[in-house]
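J.: Residue numbers (our numbering): 41 to 176.
1. Return yes when the Cβ of residue 83 is within less than 8 Å of the Cβ of residue 141, no when it is not.
2. Residue 101 and residue 75 look like a contact to me (Cβ under 8 Å); what is the Cβ gap, rounded to whole Å?
3. State yes or no: is the C-beta of residue 125 within less than 8 Å of the C-beta of residue 106?
4. Count the CB pairs spanning the segment 61-79 and the segment 145-163 that are closer than 8 Å, and state whether there are at least three.
5. Decide if residue 99 is buried, meaning its Cβ has at least 16 other Cβ atoms within 10 Å, or exposed.
6. Quick check on residue 121: buried or exposed, where buried means 16 or more other Cβ atoms within 10 Å of its Cβ?
7. If residue 116 and residue 166 are in contact, beta carbons under 8 Å, what's the gap, nearest whole angstrom?
8. For residue 134, tell me which candidate among 111, 152 and 70 has the shortest Cα-Cα distance.
9. Pick from 53, 128, 56 and 143: whose alpha carbon is nearest that of residue 169?
10. Evaluate residue 145 with the Cβ neighbour count: other Cβ atoms within 10 Å of its Cβ, from every protein chain shown; 16 or more gives buried, anything less gives exposed.
11. Pick out whichever of 88, 69, 67 and 132 has its Cα sitting closest to the Cα of residue 176.
12. In terms of alpha-carbon separation, which member of 128, 147 and 65 lies closest to residue 91?
13. By the DSSP assignment, the beta strand (DSSP E) with residue 171 in it spans what residues?
14. Please confirm whether any heavy atom of the ligand MG lies closer than 7 Å to the CB of residue 109.
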């Protein structure tokens with residue numbers, strides 16, 4: 041499937057637990073393609089496994105927004121990735137648990153940070169799996 045660029049910030053439900061508004065770049069861009077749907081299936085499974093709402097603090101980023109927030113030049117957010125927190129908890133509680141569930145779900149890019157967990161499906165597009173820990 042070729043990527044489809046959407047530029048609306050309409051709040052459309054994408055899955056039972058996630059809406060377009062949570063996933064779209066703040067400047068209104070998102071690409072919907074096979075990678076997106078693969079990631080969303082894993083994200084729904086992760087939400088089911090953890091048994092609590094997940095907050096997406098960053099989803100797709102346009103090139104301009106990625107540069108604005110200091111994202112890596114080859115960030116998976118430019119294609120599609122999610123930075124997550126567990127709803128109803130402080131930003132630091134439950135991240136170790138979320139990490140374990142994300143590994144079990146098979147996300148191929150997992151980054152640990154102080155206040156969120158980054159997940160992506162980089163292997164789906166032929167990139168090497170990666171894990172990193174940027175906690176201080």
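A virtual CB, placed ideally from N, CA and C, is assigned to each residue, including glycine.
Computed from a predicted structure; not experimentally measured.
T.: From the atom records:
1. Against the chain shown, residue 141 aligns to sequence position 101. Against the chain shown, residue 83 aligns to sequence position 43. No; because the gap between Cβ atoms is not below 8 Å, this pair is not in contact.
2. As a first step, residue 101 must be located in the chain shown, where it is residue number 61. As a first step, residue 75 must be located in the chain shown, where it is residue number 35. Wrong, their Cβ atoms sit about 14 Å apart, outside the cutoff.
3. Locating residue 125 in the chain shown gives position 85, where the first residue counts as 1. Locating residue 106 in the chain shown gives position 66, where the first residue counts as 1. Not in contact: residue 125 and residue 106 (Cβ atoms no closer than 8 Å).
4. yes
5. Counting from 1 along the chain shown, the entry for residue 99 is found at position 59. By the 10 Å Cβ count, residue 99 comes out buried.
6. On the chain shown, residue 121 is found 81 positions in, with the first residue counted as 1. By the 10 Å Cβ count, residue 121 comes out buried.
7. The residue given as residue 116 occupies position 76 in the chain shown. The residue given as residue 166 occupies position 126 in the chain shown. Incorrect: roughly 12 Å between the Cβ atoms, too far for contact.
8. Position 94 of the chain shown, counting from 1, holds the residue named residue 134. Of the listed residues, the one whose Cα sits closest to residue 134 is 152.
9. Working through the chain shown from its first residue, we reach residue 169 at position 129. Of the listed residues, the one whose Cα sits closest to residue 169 is 143.
10. Within the chain shown, residue 145 is the residue found at index 105, counting from 1. Label assigned to residue 145: buried.
11. For this step, residue 176 is matched to residue 136 along the chain shown. Nearest option by C-alpha distance: 132.
12. Sequence index remark: in the chain shown, residue 91 carries index 51 (1-based). It is 128 whose Cα lies nearest to the Cα of residue 91.
13. Here residue 171 corresponds to residue number 131 of the chain shown, with the count starting at 1. That run of the beta strand (DSSP E) goes 170-173.
14. The model on display carries no ligand, and the ligand MG is accordingly not part of it.
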